[in-house]
Amino acid sequence: MHQCWALDDSVARACAAPDNVLFLTCHDLGQHLGCYGQTTVTSPALDAFAASGVRFARSFCTAPQCSPSRASLHTGLYPHSAGVLGLAHHPYGWRLDPKVPHTAQLLRAAGYSTTLVGMQHLIEGGSAHELGYERVLPVQPAYEEADAALALLRDFSQTQTQTQSQTHTESQPDRPFYLEVGFEEPHRPYDFGGAQPDTSRGVAVPPYLPDAPESREDLAAFQGAIRQMDAGVGRILAGLDDLGLSQTTCVIFATDHGAAMPRAKCTLYDPGIQVALLWRWPSRGLSGGRVLDGLVSNVDVTPTLLEGLGVSGPEQFQGRSLWAALRPSQGGVGVGVGVGVGVGESSTSVRSEIYAEKTFHTYYEPMRAIRTERYKLILNFEVSTAVDVPSDVRQSPIYPLMRASFDQVRAPIELYDLQTDPWEHHNLADEPDLRSTLRELRQHLLDWMQRTGDPLLSGPVASPYYSDALARLRGQPLS
Numbered sequence: 001m002h003q004c005w006a007l008d009d010s011v012a013r014a015c016a017a018p019d020n021v022l023f024l025t026c027h028d029l030g031q032h033l034g035c036y037g038q039t040t041v042t043s044p045a046l047d048a049f050a051a052s053g054v055r056f057a058r059s060f061c062t063a064p065q066c067s068p069s070r071a072s073l074h075t076g077l078y079p080h081s082a083g084v085l086g087l088a089h090h091p092y093g094w095r096l097d098p099k100v101p102h103t104a105q106l107l108r109a110a111g112y113s114t115t116l117v118g119m120q121h122l123i124e125g126g127s128a129h130e131l132g133y134e135r136v137l138p139v140q141p142a143y144e145e146a147d148a149a150l151a152l153l154r155d156f157s158q159t160q161t162q163t164q165s166q167t168h169t170e171s172q173p174d175r176p177f178y179l180e181v182g183f184e185e186p187h188r189p190y191d192f193g194g195a196q197p198d199t200s201r202g203v204a205v206p207p208y209l210p211d212a213p214e215s216r217e218d219l220a221a222f223q224g225a226i227r228q229m230d231a232g233v234g235r236i237l238a239g240l241d242d243l244g245l246s247q248t249t250c251v252i253f254a255t256d257h258g259a260a261m262p263r264a265k266c267t268l269y270d271p272g273i274q275v276a277l278l279w280r281w282p283s284r285g286l287s288g289g290r291v292l293d294g295l296v297s298n299v300d301v302t303p304t305l306l307e308g309l310g311v312s313g314p315e316q317f318q319g320r321s322l323w324a325a326l327r328p329s330q331g332g333v334g335v336g337v338g339v340g341v342g343v344g345e346s347s348t349s350v351r352s353e354i355y356a357e358k359t360f361h362t363y364y365e366p367m368r369a370i371r372t373e374r375y376k377l378i379l380n381f382e383v384s385t386a387v388d389v390p391s392d393v394r395q396s397p398i399y400p401l402m403r404a405s406f407d408q409v410r411a412p413i414e415l416y417d418l419q420t421d422p423w424e425h426h427n428l429a430d431e432p433d434l435r436s437t438l439r440e441l442r443q444h445l446l447d448w449m450q451r452t453g454d455p456l457l458s459g460p461v462a463s464p465y466y467s468d469a470l471a472r473l474r475g476q477p478l479s
């Protein structure tokens, strides 16, 4: 049941009266919300949520693809350690390692009721119960997910109210809830669920895309899908308020990776790995519209959540808890200063560097990256085109405008100065003045790969399809 980290009074309170958890996720959003400065995006619910909670200004994912990033978000491990090096749906065959506990499994073991509404993308849909969910409601789109979530919240509220009015016994425990809602929006196609393009506030074209009619058309459709997702979030949060559950419910909103645009999704450039991350937890002081500026990674989310709840976690977490920095008395997450290129521990920062990876999306494309305050190093392990454009992004009318530049040969190593080149267009890997910077970043990247047992250090990685191909060749049963 509920186990406590003997840390402080707030955790002791968590042990006495466990709070609920509402975990909201969506696809392919990046940081395209009004609260992140995207003034043409209609996202009133999430903007209000950020204004009443905590917003991580510089939050990154561990991988620019759906399943690997979600593996880190829900396990506290990097994708290569969680067993999810590519997509988890047919025919690609990746899945969360059965030995690696998901957030739902950890909280279920701690006495929580665990429910999934919508998508999870870590295991084939029919097997979602294996991740620790007691109930799975695979409904979509956002308005149907909101309906299902609201019905569940009403049930949870009624059950908890009845339990609190009765004598607690072993046969009648007070069970908090873990409710995860996974929105498909704003994944392509952007008209999913009837979403319509949104130009009500205009359209702003980010600098990594060409300022052309095709870009504005595609971004308007993207904004419409965001508006539909935001409306679903708003209904759920309003229901939480109406039922009197907001004060004692930890609410997390996260996306998996950057927008499904050329030079974003499936790349290790910032538009591919920078993500929205919002928290609100009034009973623990996570409120008031604070903005935390330090570098954080989504591999840190589950360790942070468990510490805040006072729930024991596995020893093998590779992410680090942000809890001490999140609490208002700690002053928030500062900007790392570090030394040299800014790698290493700093007394003013939770992280002075983040790591990101890609091994497979729909095909093999291994690369690893380290990002500090100022620099990013990307190491490419195979020859490929300059920029990978996944099949869904090839649907974009923007893609033909950029294809010629993407079809160049990719450099084996990429180094960018993010202060002078925030959109990562000028590779400085061959600059003599940056040799020491390159050497230091390369060593830290190698150290991280060794520390986390990255299989690329032992050679090329085969996909699950490879073992099936061998079985077919030998006339053996498929795995």
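Sequence positions in the sequence shown follow this note's numbering and run 1 to 479.
From the three backbone atoms N, C-alpha and C, an ideal C-beta is built for every residue, glycine too.
Keep in mind the model is a prediction, meaning the values are calculated, not measured.
message: Please state the DSSP three-state secondary structure of residue 49.
response: Your numbering for residue 49 matches position 49 in the sequence shown. Helix at residue 49.
field: residue 367, DSSP secondary structure in three states
entry: On the sequence shown, position 367 is the one that residue 367 refers to. Three-state DSSP puts residue 367 in a strand.
- prompt: residue 424: buried (16+ other C-beta within 10 angstroms of its C-beta) or exposed?
  reply: Residue numbering aside, residue 424 sits at position 424 when the sequence shown is read from its first letter. Classification of residue 424: buried, given that the 10 Å Cβ count is 16 or more.
message: Assuming contact is defined by CB atoms lying nearer than 8 Å, are residue 177 and residue 115 in contact in what I supplied?
response: Sequence index remark: in the sequence shown, residue 177 carries index 177 (1-based). Sequence index remark: in the sequence shown, residue 115 carries index 115 (1-based). Contact flag set, yes.
Per DSSP, cross-strand counterpart(s) of residue 182: Along the sequence shown, one-based indexing puts residue 182 at 182. Partner(s): 25, 118.
field: Paired residues, beta bridge with residue 56 - DSSP
entry: As a working note, residue 56 is residue 56 in the sequence shown. The partner list for residue 56 (beta bridge, DSSP) reads 292.
- prompt: So, helix, strand or coil for residue 488, using DSSP?
  reply: It is not possible to answer for residue 488, since the shown part of the chain is limited to 1 through 479.
- request: Spell out a yes or no on whether the stretch 231-238 and the stretch 254-272 are touching, meaning 3 or more CB-CB pairs, one atom from each, closer than 8 Å.
  value: no
- prompt: Looking only at C-alpha atoms, which of 64, 301, 376 sits nearest to residue 420?
  reply: Mapped onto the sequence shown, residue 420 falls at position 420. That would be 376, whose Cα lies nearest to the Cα of residue 420.
query: With respect to the alpha helix (DSSP H) encompassing residue 399, which residues constitute its N-terminal and C-terminal limits?
result: For this step, residue 399 is matched to residue 399 along the sequence shown. From DSSP, the alpha helix (DSSP H) with residue 399 extends over 399-406.
query: Alpha carbon to alpha carbon, how far is residue 31 from residue 456?
result: Working through the sequence shown from its first residue, we reach residue 31 at position 31. Working through the sequence shown from its first residue, we reach residue 456 at position 456. Between residue 31 and residue 456, the C-alpha separation is close to 30 Å.
query: How would you call residue 274, buried or exposed, if buried means at least 16 neighbouring beta carbons within 10 angstroms?
result: Reading the sequence shown from its first residue, position 274 is the one you call residue 274. The residue in question, residue 274, is buried, as its Cβ has 16 or more Cβ neighbours within 10 Å.
- prompt: Should residue 466 be labelled buried (16 or more other beta-carbon atoms within 10 Å of its own) or exposed?
  reply: Working through the sequence shown from its first residue, we reach residue 466 at position 466. Exposed, because fewer than 16 other Cβ atoms sit within 10 Å of the Cβ of residue 466.
task: State buried or exposed for residue 269, treating a residue as buried only when at least 16 other CB atoms are found within 10 Å of its CB.
output: Residue mapping note: residue 269 aligns to position 269 of the sequence shown, counting from 1. Classification for residue 269: buried.
message: Output needed for residue 77: all residues of its chain with C-beta closer than 6 Å, excluding positions within five of it in sequence on either side, in chain order.
response: Reading the sequence shown from its first residue, position 77 is the one you call residue 77. Same-chain partners within the cutoff: 318.
message: Report the CB separation of residue 327 from residue 294 in whole angstroms; it is logged as a contact under 8 Å.
response: Here residue 327 refers to the residue found at position 327 of the sequence shown. Here residue 294 refers to the residue found at position 294 of the sequence shown. That belief does not hold up - the Cβ atoms of residue 327 and residue 294 are roughly 14 Å apart, past 8 Å.
query: Can you name the start and end residues of the alpha helix (DSSP H) that residue 203 belongs to?
result: Sequence index remark: in the sequence shown, residue 203 carries index 203 (1-based). Residue 203 -> no alpha helix (DSSP H), and no H or E assigned at all.
- prompt: If you run the structure through DSSP and keep just helix, strand and coil, what is residue 255?
  reply: Indexing the sequence shown from 1 puts residue 255 at position 255. Reduced to three states, the DSSP call for residue 255 is strand.
query: According to the neighbour-count rule (16 or more other Cβ atoms, all chains shown, within 10 Å of its Cβ), is residue 431 buried or exposed?
result: For the purposes of this step, residue 431 is identified with residue 431 of the sequence shown, where counting begins at 1. Result: exposed.
query: Beta-carbon separation of residue 402 and residue 262 under 8 Å?
result: Locating residue 402 in the sequence shown gives position 402, counting from the first residue. Locating residue 262 in the sequence shown gives position 262, counting from the first residue. Result yes, Cβ atoms of residue 402 and residue 262 sit closer than 8 Å.
message: Using the Cβ count rule (16 or more neighbours within 10 Å means buried), how would you classify residue 108?
response: Stepping through the sequence shown from its first residue, residue 108 is reached at position 108. So residue 108 ends up on the buried side.
message: Helix, strand or coil for residue 452? Go by DSSP, reduced to three states.
response: Indexing the sequence shown from 1 puts residue 452 at position 452. Residue 452: coil per DSSP, three-state reduction.
message: Just to confirm my understanding: we take residue 149, look at its own chain, exclude 5 residues before and 5 after, and list those with CB closer than 7 Å. What are they?
response: Along the sequence shown, one-based indexing puts residue 149 at 149. So the list reads 117, 179, 181, 236, once near-sequence residues are dropped.
task: Have a look at the DSSP bridge pairing and note the partners of residue 266.
output: The residue given as residue 266 occupies position 266 in the sequence shown. Answer is none; residue 266 lacks a bridge partner.
message: Within 10 Å of its beta-carbon, does residue 460 have 16 or more other beta-carbons around it, so buried, or fewer, so exposed?
response: On the sequence shown, residue 460 is found 460 positions in, with the first residue counted as 1. Exposed, since its Cβ has fewer than 16 Cβ neighbours within 10 Å.
Neighbourhood of residue 91 by C-beta, 8 Å cutoff - its chain only, sequence neighbours within 5 removed: Position 91 of the sequence shown holds residue 91. Only 465 meet the Cβ criterion.
query: With distances taken between CB atoms, is the gap from residue 85 to residue 359 smaller than 8 Å?
result: Start at 1 with the first residue of the sequence shown, and residue 85 comes out as number 85. Start at 1 with the first residue of the sequence shown, and residue 359 comes out as number 359. Contact flag set, yes.
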